[in-house]
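Residue numbers (our numbering), protein chains in the order written: chain A, 1 to 293; chain B, 1 to 293.
Have a look at this one:
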């Protein structure tokens, strides 16, 4: 069993540091909303993945600030996903969503403010592991590209707009490559960039991230059906209520689970090929399909 | 009379190019909303200012893409400012606001997607004028800092939250240094960075931008009282309706107008001191207080 708690604690401390640094120039309630969303008790999956990729590629410095950057983007995406004009959800990880705990105005503003905050955090975090400002800028750009309309934000909108429409497997996959895949891909890629991995290794890390990102979404769809609201920390069974096209809806529950398994196995093969399949990365990839929430 | 139409046309073409490049990887309705907001027929004041600062500092290349970056941020700020949970406005520059022309979900998403889009545009635009990738990254960072919680986005929220509260001149100024000042400051600063101005010149350009940014907001407050909705292209008299603290409310109409004049005069002096007060920059600064909409 790998103990992830030191990594999680380091990322939590990095997130607290970011907020402390911002305290002098952010409006207080905006900062409070950002803190609230970052302290949501998530699994820090993207940050752990970044740190594991960094170490797999030979990185030895403290990359916790860099890892915090992808968690800032992820937390932002959850705030906006829960807004009344989006998924309109009241509960997230067992707590009131940000627009419920604060209000819609603060939630909308906090979310969008977290985009430049993530860029800044990625840049600073990349400098901290010893990259040049030029390399650090490339890292920040990857995080921004993954967050943007061609990545996460665009996928999120496509996902919402697909409610009640028919969609084939290709269409569904396109949505989720953006919505879930882009940031997970950026996490593994940026981990490699921070460790100055070779071109082949970076390519493999990106492919690995993209595949397990897709598997993550398929597993999410499966859990929405098989788990309770209590276990999930968010409303279960919503996909069915919203008449959403999901992997289980298209493939059946069992085939969907099998597809996620296969993606994870293949992704492991890609990494093994460039000598980067560490036990940490393998464990995180397996977690994607074996988790219960 | 300076003819700004070639600059405006170049910026409009740059904005159209940005959208064309995005067409292959942005969701279609998201891109349409972004195009709609960018084609709103604004004065392109921030872009003109950037171009004038660039030329004042000796720049000779085509900086229209870089200038477009600050217009992307500005257009984003208008989309979100008009949202139901913000200012809740239906008309902007004589057209339906983005959430009216599309819907709230698309408007929220388009706005936030324009933040990484602006970072990307600033970086690309800086490369186009011949900066190194390192210098271009510094330019993109200035645009992001100006957009963030410590700048425009934070100021916007503070402004909305101040409705119905009492506020002194210092408090009001703090809001507007963020809401309006930060991006105008970034426009003149980045124009100078693109032309590789000296440290003293950059400092003066930033100070100039900050001062006329504040004058711009004071003039806005004055126009809200003295002009009609038709002339403004947005609802006039809203500040009074919302019981908002404004410069005219604190200082009286005449003193407010005088304060804006003085800010503009002093700002010109700062630029003259470092040899950058061109006729173009002087004209744009005067425009701030002499415009009728």
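We treat Cβ as the ideally placed atom computed from N, Cα and C, and that holds for glycine.
Under 8 Å Cβ-Cβ, which residues of chain A neighbour residue i?
i	result
residue 22 of chain B	149, 150
residue 106 of chain B	157
residue 113 of chain B	148, 149, 153, 154
residue 80 of chain B	108, 109, 112
residue 145 of chain B	116, 120
Using a Cβ-Cβ cut-off of 6 Å (strictly less than) and excluding sequence neighbours within five positions of residue i, which residues of its own chain qualify?
i	result
residue 38 of chain A	15, 75
residue 10 of chain A	64
residue 261 of chain B	289
residue 119 of chain B	140, 144
residue 233 of chain A	93, 94
residue 58 of chain B	195
residue 67 of chain B	11, 47, 50, 51
Helix, strand or coil, according to DSSP, for residue i in the structure here?
i	result
residue 116 of chain A	helix
residue 129 of chain A	coil
residue 340 of chain B	Residue coverage of chain B in this structure runs from 1 to 293, which leaves residue 340 of chain B outside it and unanswerable.
residue 19 of chain A	helix
residue 29 of chain A	helix
residue 6 of chain B	helix
residue 156 of chain A	helix
residue 277 of chain A	coil
residue 227 of chain A	coil
residue 124 of chain B	helix
residue 262 of chain B	helix
residue 292 of chain A	coil
residue 24 of chain B	coil
residue 242 of chain A	coil
residue 110 of chain B	helix
residue 102 of chain A	coil
residue 43 of chain A	coil
residue 192 of chain B	helix
residue 211 of chain B	helix
residue 13 of chain B	helix
residue 75 of chain B	helix
residue 87 of chain A	coil
residue 56 of chain B	helix
residue 163 of chain A	coil
residue 180 of chain A	helix
residue 82 of chain A	helix
residue 221 of chain B	helix
Quick one: which chain B residues come within Cβ less than 8 Å of residue i?
i	result
residue 85 of chain A	103, 104, 105, 108
residue 25 of chain A	149, 150, 154
residue 15 of chain A	Near residue 15 of chain A there are no residues of chain B at all, since even the closest Cβ is about 15 Å away, more than 8 Å.
residue 238 of chain A	Within chain B, no residue comes near residue 238 of chain A; the closest Cβ sits about 16 Å away, beyond 8 Å.
Using the beta-carbon of each residue, which ones in chain B are nearer than 9 Å to residue i?
i	result
residue 281 of chain A	By Cβ distance, chain B contributes nothing, its closest Cβ being about 27 Å from residue 281 of chain A, past 9 Å.
residue 133 of chain A	134, 137, 138
residue 315 of chain A	Outside the displayed span of chain A (1 to 293) sits residue 315 of chain A, for which this structure offers no information.
residue 8 of chain A	By Cβ distance, chain B contributes nothing, its closest Cβ being about 25 Å from residue 8 of chain A, past 9 Å.
Could you round the C-beta distance between residue i and residue j to whole angstroms and report it? I think they count as a contact, below 8 Å.
i	j	result
residue 187 of chain A	residue 209 of chain A	6 Å
residue 183 of chain B	residue 152 of chain B	5 Å
residue 21 of chain A	residue 150 of chain B	10 Å between Cβ atoms; not a contact.
residue 236 of chain A	residue 229 of chain A	4 Å
residue 126 of chain B	residue 211 of chain B	With 8 Å as the limit, residue 126 of chain B and residue 211 of chain B do not qualify as a contact, their Cβ atoms being about 25 Å apart.
residue 17 of chain A	residue 44 of chain A	The Cβ separation is near 15 Å, so there is no contact.
residue 62 of chain A	residue 128 of chain A	7 Å
Show which residues of chain A have a CB atom less than 9 Å away from the CB atom of residue i.
i	result
residue 193 of chain B	Per Cβ cutoff of 9 Å: no residues; residue 193 of chain B is ~14 Å from chain A at best.
residue 46 of chain B	Residues of chain A passing the Cβ test: none, with the nearest at roughly 17 Å.
residue 55 of chain B	By Cβ distance, chain A contributes nothing, its closest Cβ being about 26 Å from residue 55 of chain B, past 9 Å.
What does residue i reach in chain A if we use C-beta pairs closer than 7 Å?
i	result
residue 294 of chain B	Missing from the structure shown is residue 294 of chain B; chain B here goes from 1 to 293 and no further.
residue 127 of chain B	Ordered by position in chain A, no residue passes the 7 Å Cβ test against residue 127 of chain B, which lies about 12 Å from the chain.
Quick check: is the beta carbon of residue i nearer than 8 Å to any beta carbon in chain C?
i	result
residue 30 of chain A	Among the protein chains of the structure shown, namely A and B, there is no chain C.
With respect to 7 Å, is the separation between the Cβ of residue i and the closest non-hydrogen atom of the ligand COA below this value?
i	result
residue 51 of chain B	No copy of the ligand COA appears in this structure; indeed no ligand is present at all.
Take residue i and list the residues in its own chain whose beta-carbon comes closer than 7 Å to its own, dropping the five residues that flank it on each side.
i	result
residue 271 of chain A	204, 208, 277, 281
residue 248 of chain A	221, 222, 225, 256
residue 90 of chain A	96, 97, 100
residue 69 of chain B	118, 121, 122, 125, 143
residue 250 of chain B	169, 172
At a CB-CB cut-off below 7 Å, which residues of chain B make contact with residue i?
i	result
residue 160 of chain A	105
In its own chain, which residues sit with a C-beta less than 8 Å from the C-beta of residue i, not counting the 5 before and 5 after it?
i	result
residue 115 of chain B	73, 76, 144, 147
residue 86 of chain B	80, 156, 160
residue 30 of chain A	106, 109, 110, 113
How about the stretch 23 to 39 of chain A and the stretch 105 to 118 of chain A: do they share at least three Cβ pairs that are nearer than 8 Å? yes
Count the CB pairs spanning the stretch 173 to 185 of chain A and the stretch 212 to 225 of chain A that are closer than 8 Å, and state whether there are at least three. The stretch 212 to 225 of chain A and the stretch 173 to 185 of chain A touch, with three or more beta-carbon pairs separated by less than 8 Å.
Take every Cβ of the stretch 136 to 156 of chain A, pair it with every Cβ of the stretch 123 to 141 of chain B, and state whether three or more of those distances are shorter than 8 Å. Yes: at least three Cβ pairs fall under 8 Å.
Quick check: the stretch 190 to 203 of chain A against the stretch 49 to 57 of chain A, are there 3 or more CB pairs under 8 Å? Because the criterion of three Cβ pairs below 8 Å is met, the stretch 190 to 203 of chain A and the stretch 49 to 57 of chain A touch.
Check whether the stretch 95 to 107 of chain B touches the stretch 159 to 168 of chain B, taking contact to mean three or more Cβ pairs, one atom from each stretch, closer than 8 Å. no
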